[in-house]
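Novice:
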Amino acid sequence: MAVRSLFPTSFYEDRIHDESLIGELDESVRALAMDDVAGKRWSKAHGYRGYTSYASLDDLPQRDPAFADLKRHLDRHVARFADACGFQLGGRRLKLDSLWVNLLRPGGTHSGHIHPHSVVSGTTYITVPPGSGALRLEDPRLGLMMAAPPRDDVFVYAEPAAGSIFLWESWLRHEVMPNTAKSDRISISFNYRW
88 MAVRSLFPTS
98 FYEDRIHDES
108 LIGELDESVR
118 ALAMDDVAGK
128 RWSKAHGYRG
138 YTSYASLDDL
148 PQRDPAFADL
158 KRHLDRHVAR
168 FADACGFQLG
178 GRRLKLDSLW
188 VNLLRPGGTH
198 SGHIHPHSVV
208 SGTTYITVPP
218 GSGALRLEDP
228 RLGLMMAAPP
238 RDDVFVYAEP
248 AAGSIFLWES
258 WLRHEVMPNT
268 AKSDRISISF
278 NYRW
């Protein structure tokens with residue numbers, strides 16, 4: 088008898104080892120959280136506990152050299168992940184479609200979701216105090232299991248650290264667990280398209 092695993096779900100983990108860049112990004116995110124009136128208004132209106140530039144700023148790599156440096160790092164990581172996934176891109180590369188910052192205050196969370204209209208999504212972590220919450224990834228078959236008995240590992244928790252980069256295919260449902268730390272967690276999320 089043989090049992091094979093079919094159609095694996097890939098998840099990429101690496102780090103940015105440039106501590107000065109991580110420090111610059113921390114300062115930039117905190118400045119945006121103070122100055123971006125539209126982002127603060129959107130965050131409040133949508134119950135986001137903290138600040139996100141998700142719906143207010145779409146030009147961060149052009150606006151701030153630290154985000155341009157981050158984009159260069161991300162482009163390399165995403166190219167490696169695309170290769171590992173076996174994407175047949177016909178000589179093309181995936182392109183950054185959107186990039187936004189998240190300053191999650193204590194008690195903040197982000198419920199389960201996917202990222203439509205993109206191929207690869209991810210997050211890089213800038214400031215990660217102890218207890219600030221893992222990324223929870225959901226087994227993509229969960230909604231199809233119907234009458235199946237319960238099983239282990241339908242959720243996987245990825246614990247970030249400052250400088251961590253996590254990448255996944257955009258259809259993979261995920262959520263941000265509650266920030267139980269006493270201070271803010273800062274991350275930068277992004278989508279790449281073909």
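So the sequence shown is numbered by the working numbering: it starts at 88 and just counts up by one. Where a beta carbon is used, it is the ideal one built from N, C-alpha and C, also for glycine.
Is it the case that the Cβ atoms of proline 217 and alanine 249 are separated by a distance below 8 Å?
Specialist: On the sequence shown, residue 217 is found 130 positions in, with the first residue counted as 1. On the sequence shown, residue 249 is found 162 positions in, with the first residue counted as 1. Cβ distance not < 8 Å, so proline 217 and alanine 249 don't count as in contact.
Novice: Would you check if the stretch 128 to 141 and the stretch 224 to 244 touch, i.e. whether three or more CB-CB distances between them fall below 8 Å?
Specialist: Flag = no, the stretch 224 to 244 and the stretch 128 to 141 do not touch.
Novice: Please identify the residue among Asp226, Val207, Val90 and Glu225 whose C-alpha is closest to the C-alpha of phenylalanine 253.
Specialist: By 1-based counting over the sequence shown, the position of residue 253 is 166. For the residues Asp226, Val207, Val90 and Glu225, the minimum Cα distance to phenylalanine 253 belongs to Val207.
Novice: Would the stretch 89 to 108 count as touching the stretch 157 to 177 if we require 3 or more Cβ pairs under 8 Å?
Specialist: Result yes; three or more Cβ-Cβ pairs closer than 8 Å.
Novice: Give the list of continuous alpha helix (DSSP H) stretches no shorter than 4 residues that lie fully inside the stretch 109 to 197.
Specialist: For the stretch 109 to 197, whole alpha helix (DSSP H) runs of length 4 or above, ordered along the chain, are 124 to 132, 147 to 150 and 152 to 172.
Novice: For tyrosine 279 and aspartate 226, I'd like the C-alpha separation in whole angstroms.
Specialist: For the purposes of this step, residue 279 is taken as residue 192 along the sequence shown, with counting starting at 1. For the purposes of this step, residue 226 is taken as residue 139 along the sequence shown, with counting starting at 1. For tyrosine 279 and aspartate 226, the distance between alpha carbons rounds to 22 Å.
Novice: Below 8 Å between beta carbons: does that hold for valine 90 and histidine 197?
Specialist: Stepping through the sequence shown from its first residue, residue 90 is reached at position 3. Stepping through the sequence shown from its first residue, residue 197 is reached at position 110. No; because the gap between Cβ atoms is not below 8 Å, this pair is not in contact.
Novice: Is it buried or exposed, glycine 134, if we count other Cβ atoms within 10 angstroms and call 16 or more buried?
Specialist: As a first step, residue 134 is located in the sequence shown; it is residue number 47 there, counting from the start. With fewer than 16 other Cβ atoms within 10 Å, it is exposed.
Novice: Just to confirm my understanding: we take aspartate 162, look at its own chain, exclude 5 residues before and 5 after, and list those with CB closer than 8 Å. What are they?
Specialist: Position 75 of the sequence shown holds residue 162. Cβ neighbours of aspartate 162 beyond the five flanking positions: Arg180 and Leu183.
Novice: With distance defined between alpha-carbon atoms, name the residue in Asp271, Ser276 and Gly209 nearest to tryptophan 255.
Specialist: By 1-based counting over the sequence shown, the position of residue 255 is 168. Checked all of Asp271, Ser276 and Gly209; the closest Cα to tryptophan 255 is Gly209.
Novice: Closer than 6 Å by C-beta to alanine 153: which residues in its own chain qualify, once you throw out the five before and the five after it? Chain order, please.
Specialist: In the sequence shown, the residue the question calls residue 153 occupies position 66. If we look at alanine 153 and ignore the five residues flanking it on each side, its Cβ neighbours are Glu111, Leu112 and Ser115.
Novice: Return the CA-CA distance between lysine 127 and aspartate 145, expressed in angstroms with no decimal places.
Specialist: Here residue 127 refers to the residue found at position 40 when the sequence shown is read from its first residue. Here residue 145 refers to the residue found at position 58 when the sequence shown is read from its first residue. Straight-line Cα distance between these residues: approximately 15 Å.
Novice: Of all the options Asp240, Leu157 and Ala118, which has the alpha carbon lying nearest to the alpha carbon of serine 251?
Specialist: Looking up residue 251 in the sequence shown gives position 164. Nearest of Asp240, Leu157 and Ala118 to serine 251, Cα basis: Leu157.
Novice: Rounded to the nearest angstrom, how far is the Cβ of leucine 190 from that of isoleucine 273, given a contact under 8 Å?
Specialist: Working through the sequence shown from its first residue, we reach residue 190 at position 103. Working through the sequence shown from its first residue, we reach residue 273 at position 186. Between isoleucine 273 and leucine 190 the Cβ distance is about 5 Å, and since that is below 8 Å, they are a contact.
Novice: Grab me the residues of histidine 202's own chain with a C-beta within less than 7 Å of its C-beta, minus the 5 sequence neighbours each way, in chain order.
Specialist: Within the sequence shown, numbered from 1, the residue matching residue 202 stands at position 115. Ser208, Ser257 and Asn278, listed in sequence order.
Novice: Under a Cβ-count criterion, where at least 16 other Cβ atoms within 10 Å of its own Cβ denotes burial, should alanine 155 be classed as buried or exposed?
Specialist: Translated into positions along the sequence shown, residue 155 becomes position 68. Alanine 155 is exposed by the Cβ-count criterion.
Novice: Can the beta-carbon of arginine 238 be found closer than 8 Å to that of glycine 199?
Specialist: Position 151 of the sequence shown, counted from the start, is the residue given in the question as residue 238. Position 112 of the sequence shown, counted from the start, is the residue given in the question as residue 199. No.
Novice: Determine the closest residue to serine 270 out of Gly220, Asp122, Ala125 and Asp123, with distance taken between C-alpha atoms.
Specialist: Along the sequence shown, read from residue 1 onward, the residue named residue 270 stands at position 183. Among Gly220, Asp122, Ala125 and Asp123, the Cα nearest to that of serine 270 belongs to Gly220.
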